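Enquirer:
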Amino acid sequence: MKFTATATAFVIATATTGSHAFSPVATPSTSSVSLQASRQPIMAGNWKMNPCTEDDALDLSKELTKLLGDETCPIDDANPLCTEVVIFPPFPFISQVSNVVADAGITIGAQSIYFEEKGAYTGSVSAPMVLSMGCEYVLCGHSERRTLFDDNDQAINQKVHKVLSSGMKPILCIGESKEEYDLHIKNEVCAMQLSKDLANVTKEQMKNVVIAYEPVWAIGTGLVCGSAEANETHAFLRTILSRMYDDEVAQATRIQYGGSVTPDSVDELMAMPEIDGCLVGGASLVAEKFGRIINFTTQK
Ligand code: PEP
191 MKFTATATAF VIATATTGSH AFSPVATPST SSVSLQASRQ PIMAGNWKMN
241 PCTEDDALDL SKELTKLLGD ETCPIDDANP LCTEVVIFPP FPFISQVSNV
291 VADAGITIGA QSIYFEEKGA YTGSVSAPMV LSMGCEYVLC GHSERRTLFD
341 DNDQAINQKV HKVLSSGMKP ILCIGESKEE YDLHIKNEVC AMQLSKDLAN
391 VTKEQMKNVV IAYEPVWAIG TGLVCGSAEA NETHAFLRTI LSRMYDDEVA
441 QATRIQYGGS VTPDSVDELM AMPEIDGCLV GGASLVAEKF GRIINFTTQK
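According to the numbering used here, the sequence shown is numbered sequentially starting from 191.
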């Protein structure tokens, strides 16, 4: 209930004082952001704390390299509409996995970092460390970090800034809990997270930010948010980005859906105009499943 209480307080505060420069309370019309933009699809596999051994991680990586299709590519490929594929192995496997997948055009990311550069922070891993191992992306704000490791919005914001200033790209994960969904404050929660987690991130820096909308109740549960509802939420997030920045940023920012995505649900999700990719947990650990997901067939 921690987020619920915070979100409710935020809603009340903004509604009564109007003191926030940005208030997510009045839900803006999605029609205010109607420009069309072509955004490169991005499919990401979050391995979480899996698999248990380096050998298994290398086997999975090798299998994945065989499953890339003609339409998958790194972001700097000549074809801007091919699908970018990113995987997030556990820290100890990053270097070896990177060696296996680099030539195949799969990009590597880190599941987290600590915002400090270096020093007496036992057990932590810094941005320069993962950058030096070949990481281009870092997950920020994943719900498991928020709930199990107490990453709050301030820490997430610090992390986002560190990732950006280090020359990498954050995938900022946001999303409401089951309680918040049932209380019909999903939009307020997501708007609040965007506002706090992206505080002082500039319009220029937003070119390197990816958002992942992940309803917490859909992560690892087998419950996929309906594609139409996910699309609607993504459209709402663009109205918030438009308010925080402008329409250009709102239309250019890639927004992934995450939460129990499988080969069975990916085509319908990717058919939605506001969904630019998926962040995949469980299914990314099975090469055939992830291969099918990254080679989704739906045309928008
Ligand atoms: C995730 O970890 O971000 C995730 C979406 O997991 P899963 O696909 O297993 O729900």
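The C-beta atom is built at its ideal place from N, Cα and C for all residues, glycine as well. Because the structure is a prediction, the values reported are computed rather than measured.
From the DSSP output, which residues share a beta bridge with Glu458?
Expert: Answer is none; Glu458 lacks a bridge partner.
Enquirer: Secondary structure at Arg336, three-state DSSP: helix, strand or coil?
Expert: Arg336: helix per DSSP, three-state reduction.
Enquirer: If we call anything under 8 Å between Cβ atoms a contact, is Leu469 one with Ala402?
Expert: In contact: Leu469 and Ala402 (Cβ atoms closer than 8 Å).
Enquirer: Which residue comes first and which comes last in the beta strand (DSSP E) that contains Tyr447?
Expert: From DSSP, the beta strand (DSSP E) with Tyr447 extends over Arg444 to Gly448.
Enquirer: From the DSSP output, which residues share a beta bridge with Val353?
Expert: BP columns for Val353 are empty, so no partner.
Enquirer: Is it buried or exposed for Asn347, if we count other Cβ within 10 angstroms and need 16 for buried?
Expert: Asn347 is buried by the Cβ-count criterion.
Enquirer: Taking Phe305 as the reference, which of Asp245, Val290, Asp341 and Phe278 has the closest Cα?
Expert: Out of Asp245, Val290, Asp341 and Phe278, Asp341 has the C-alpha closest to the C-alpha of Phe305.
Enquirer: In terms of residues, what are the limits of the alpha helix (DSSP H) holding Ile483?
Expert: It spans Ala477 to Ile484 - the alpha helix (DSSP H) in which Ile483 sits, taken as one unbroken run.
Enquirer: Check whether the segment 470 to 482 touches the segment 238 to 254, taking contact to mean three or more Cβ pairs, one atom from each stretch, closer than 8 Å.
Expert: The segment 470 to 482, when compared against the segment 238 to 254, does touch it at the 8 Å Cβ threshold.
Enquirer: Is it a yes or a no for the segment 387 to 405 touching the segment 349 to 362, going by three-plus beta-carbon pairs under 8 Å?
Expert: Yes, they touch.
Enquirer: With 16 as the cutoff for other CB atoms within 10 Å, does Cys325 come out buried or exposed?
Expert: Per the 10 Å Cβ criterion, buried.
Enquirer: Look at the Cβ atom of Ala234, then the Cβ atom of Val276, and state whether they are nearer than 8 Å.
Expert: Yes, the Cβ-Cβ distance between Ala234 and Val276 is below 8 Å.
Enquirer: With a CB to CB cut of under 8 Å and the five nearest residues on each side skipped, what residues in its chain are close to Ile284?
Expert: If we look at Ile284 and ignore the five residues flanking it on each side, its Cβ neighbours are Ile298, Ala300, Val320, Met323, Gly324 and Cys325.
Enquirer: Comparing the CB of Val470 with every heavy atom of ligand 1, is any distance shorter than 7 Å?
Expert: Answer for Val470: yes, Cβ within range of ligand 1.
Enquirer: State the start and end residues of the unbroken alpha helix (DSSP H) segment that holds Cys380.
Expert: Note, Cys380: alpha helix (DSSP H), Lys376 to Asp387.
Enquirer: Just to confirm, does His374 get its C-beta within under 7 Å of one of the non-hydrogen atoms of ligand 2?
Expert: For ligand 2, the structure offers nothing, since it holds only ligand 1.
Enquirer: Have a look at Met434, Lys349 and Trp407 and flag the residue whose alpha-carbon is nearest the alpha-carbon of Glu366.
Expert: It is Trp407.
Enquirer: Is Lys359 helix, strand or coil by DSSP?
Expert: Correct three-state label for Lys359: strand.
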